[in-house]
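Which chain is which? The protein sequence lines are X and R, in order. Numbering follows this note's numbering, in which position 7 of the first sequence is assigned residue number 7; successive positions increment by one, without gaps. Numbering follows this note's numbering, in which position 126 of the second sequence is assigned residue number 126; successive positions increment by one, without gaps. Even for Gly, the Cβ is constructed at its ideal location relative to N, Cα and C.
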Amino acid sequence: MEEQVRYLRQRLLQGIGEEGQALFFATEVLCGGQGPLLQTAAAYLEAGGMGLAWHRAPPAAGFRPMSWGRGEGEEGPPPGLGLEGGLPPLAVPSKQRGFLGCLPCACPEGMDFWVLLGCFRGKPGFVFARGRDKKPFLDKALERGAALEGEPLPAHWALAAWAALAFEKLALGLMPALGGGSLGPWGEVELWEGP
Amino acid sequence: MKKGMRALVVGAGGIGCPAILSLAHGGVSKICIADDDYVEASNLPRQLWHWPEDLGRPKVDSACEKLSKRFPGVSFEPLFLRVDGGNAAALFAEHPVVVDATDALESKLLFSDIAARGGRVLISAGAAGWRGQVMRIEPGGSCLRCLFPEPVQEGVLPRQAGILGPLAGLLGFRAAAMVHKPLGLGRGTLHWIDALSWRTGVMHIEKSPQCPCHG
Numbered sequence: 001m002e003e004q005v006r007y008l009r010q011r012l013l014q015g016i017g018e019e020g021q022a023l024f025f026a027t028e029v030l031c032g033g034q035g036p037l038l039q040t041a042a043a044y045l046e047a048g049g050m051g052l053a054w055h056r057a058p059p060a061a062g063f064r065p066m067s068w069g070r071g072e073g074e075e076g077p078p079p080g081l082g083l084e085g086g087l088p089p090l091a092v093p094s095k096q097r098g099f100l101g102c103l104p105c106a107c108p109e110g111m112d113f114w115v116l117l118g119c120f121r122g123k124p125g126f127v128f129a130r131g132r133d134k135k136p137f138l139d140k141a142l143e144r145g146a147a148l149e150g151e152p153l154p155a156h157w158a159l160a161a162w163a164a165l166a167f168e169k170l171a172l173g174l175m176p177a178l179g180g181g182s183l184g185p186w187g188e189v190e191l192w193e194g195p
Numbered sequence: 001m002k003k004g005m006r007a008l009v010v011g012a013g014g015i016g017c018p019a020i021l022s023l024a025h026g027g028v029s030k031i032c033i034a035d036d037d038y039v040e041a042s043n044l045p046r047q048l049w050h051w052p053e054d055l056g057r058p059k060v061d062s063a064c065e066k067l068s069k070r071f072p073g074v075s076f077e078p079l080f081l082r083v084d085g086g087n088a089a090a091l092f093a094e095h096p097v098v099v100d101a102t103d104a105l106e107s108k109l110l111f112s113d114i115a116a117r118g119g120r121v122l123i124s125a126g127a128a129g130w131r132g133q134v135m136r137i138e139p140g141g142s143c144l145r146c147l148f149p150e151p152v153q154e155g156v157l158p159r160q161a162g163i164l165g166p167l168a169g170l171l172g173f174r175a176a177a178m179v180h181k182p183l184g185l186g187r188g189t190l191h192w193i194d195a196l197s198w199r200t201g202v203m204h205i206e207k208s209p210q211c212p213c214h215g
């Protein structure tokens, strides 16, 4: 795992700096909901170095997070994904917590940011927010959004990647604090205009 | 995409892994996966069919093992080899659709040439840094050499430039979606993504009269 940690730092060094990797390691993800898209988004976050905490959900046909399948009480980041191991220490920021959810769900308190997948105005999409004062926006989105139903269509798999990408950029502070988007016909995202 | 289709995916990495997932879920009955690499720790953040316990294994074995469990109704064929000028045409001939999920420009141009000349649909996908693109190449249509008429230098590879895992995933899922060819998606369609600015776009690449593939 040392090699992976070193690689991750190097990878991010060219784009967002060493601090970016430390932010990933300092991010805890609470996952709420179920389904292959949410599971796949979560798997990307875990593979990037974030720790997952789950409301139990049955495995679906997407990518399965590595921490699944372990015994009860053993959930969390994969073993060895810490920063120890002979590498120069990073200035690890204080922990931040994000919520990755799939409608229908309730936004838990105490999160620093949120990404929610769902169906908005008939299109698969997601909303995101950062900051505690943004929660009313999410609550409104929850009222207007609906659950994703059925198995993902080919273009819908992109939603999992978009959601994970939004989550990572929120963790890095590279996203607007508030927004969302829906999928176009080929899986491309169409950003919403403002909150 | 028709149910029961066969597909060849070249590359079981950051783009190939999600492409295979979507293809298998979408009803492709047989997926041939070609790659000559072994799983390395640096692959794990974005190549999600490979887990820490797979380090040192051929990527095709690691991927096919998990895929076969997840999709028992789909046939996965691992090909532990490098697809190059000596075998690419024959491999392409066996599959109506090919997904190029490699990260080498030389391979991408070779595959594009074969597809444009040889009667196979190719979905060519690539990403590095914050950007990526996917192009659908059909026989007789525009190809990568129409897009890059001048010889181009090998750019920075994803493994060198770095890439966020979900961006590679996005390109892979979009590549698979382009195999399915939804309404309005024609030959020479290129999708691009800039994940830093959060922008995407669609371009239609015209055939170039100077392109050696069509000359």
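Per-residue contacts from residue i into chain X (C-beta, under 7 angstroms)
i	result
H180(R)	P154
R70(R)	A61
R145(R)	Per Cβ cutoff of 7 angstroms: no residues; R145(R) is ~24 angstroms from chain X at best.
F173(R)	W157, A158, A161 and G187
H191(R)	W186 and E188
T200(R)	E188 and V189
Buried versus exposed, by CB contacts within 10 Å (16 or more), residue i
i	result
A106(X)	exposed
S94(X)	exposed
L39(X)	Note on residue identity: the sequence assigns Gln, not Leu, to residue 39(X). The residue is buried, with at least 16 neighbouring Cβ atoms inside 10 Å.
C47(R)	Looking at the sequence shown, residue 47(R) is not Cys but Gln. Q47(R) comes out buried.
L81(X)	A caution first: L81(X) carries a pLDDT of 45, below 50, which makes its placement in the model unreliable, though a value can still be read off. Counting Cβ neighbours within 10 Å, L81(X) comes out buried, since at least 16 surround it.
K59(R)	buried
G85(R)	exposed
L199(R)	Note on residue identity: the sequence assigns Arg, not Leu, to residue 199(R). That one is exposed.
G181(X)	buried
N87(R)	exposed
E72(X)	Low confidence applies here, because E72(X) scores a pLDDT of 42, under 50, leaving its location unreliable and the question unanswered by this model.
E94(R)	exposed
H191(R)	buried
P212(R)	exposed
K140(X)	exposed
E207(X)	Outside the modelled stretch of chain X, which goes from 1 to 195, sits residue 207(X), for which no answer is possible.
R121(X)	exposed
P78(X)	The predicted position of P78(X) is uncertain, since its pLDDT is 45 and thus under 50; no value can be drawn from it.
E46(X)	buried
L81(R)	exposed
P136(X)	exposed
M175(X)	buried
S197(R)	exposed
A7(R)	buried
P104(X)	exposed
R144(X)	exposed
Q210(R)	exposed
A90(R)	exposed
Chain-ordered neighbours of residue i on chain R, where CB pairs are closer than 7 angstroms
i	result
L165(X)	L164, P166, L167, L170 and A195
W162(X)	L170
Under 9 angstroms by beta carbon: chain R residues contacting residue i
i	result
G48(X)	P45, R46, L164, G165 and P166
Identified DSSP bridge partners for residue i
i	result
I75(R)	It is Ser, not Ile, that sits at residue 75(R) in the sequence shown. Answer is K30(R).
G21(X)	Looking at the sequence shown, residue 21(X) is not Gly but Gln. Beta-bridge pairing links Q21(X) to no other residue.
Q133(R)	G126(R) and W192(R)
R199(R)	D194(R)
Y38(R)	P58(R)
L114(X)	According to the sequence shown, residue 114(X) is Trp rather than Leu. According to DSSP, which records beta bridges pairwise, W114(X) is partnered with F99(X) and A129(X).
L30(X)	A53(X) and F99(X)
D100(R)	V10(R) and S124(R)
S182(X)	G125(X) and E190(X)
A146(X)	C119(X)
I163(R)	G129(R)
H214(R)	For H214(R), which the question treats as bridged, DSSP gives no partner whatsoever.
H204(R)	T189(R)
Closer than 8 angstroms at the beta carbon, the chain R residues around residue i
i	result
M66(X)	W51 and P52
Chain X residues whose Cβ lies nearer than 9 angstroms to that of residue i
i	result
R6(R)	Within chain X, no residue comes near R6(R); the closest Cβ sits about 17 angstroms away, beyond 9 angstroms.
Contacts that residue i makes with chain X (C-beta to C-beta distance below 8 angstroms)
i	result
R57(R)	Those within 8 angstroms of R57(R) in chain X number zero; the least Cβ separation is about 16 angstroms.
A177(R)	P154, A155, W157, A158, W186 and G187
Chain B within 7 angstroms of residue i, Cβ atoms only
i	result
P124(X)	Looking at the structure shown, chain B is missing, and the protein chains on hand are X and R.
Pairs of beta-carbons, one from the segment 40-51 of chain X and one from the segment 167-182 of chain X, closer than 8 angstroms: are there three or more?
yes
What are the residues in the segment 11-36 of chain R lying within 9 angstroms of chain X by C-beta distance?
C17, P18, L21, S22, L23, A24, H25 and G26
For the 8 angstroms Cβ check, are there 3 or more pairs between the segment 21-39 of chain R and the segment 173-182 of chain R?
yes
Quick one: any contact between the segment 36-50 of chain R and the segment 175-192 of chain X, if contact means 3 or more CB pairs under 8 angstroms?
no
For the segment 167-192 of chain X, which residues have a beta carbon sitting closer than 7 angstroms to at least one beta carbon of chain R?
E168, P185, W186, G187, E188, V189 and L191
Using 8 angstroms as the threshold, is the segment 110-122 of chain R in touch with the segment 137-151 of chain R, meaning 3 or more CB pairs across them?
yes
Quick one: which residues of the segment 22-44 of chain X get their C-beta closer than 7 angstroms to a C-beta of chain R? List them in chain order.
A43 and Y44
Contact between the segment 119-130 of chain X and the segment 128-136 of chain R: three or more CB pairs below 8 angstroms?
no
Would the segment 56-71 of chain R count as touching the segment 89-106 of chain R if we require 3 or more Cβ pairs under 8 angstroms?
no
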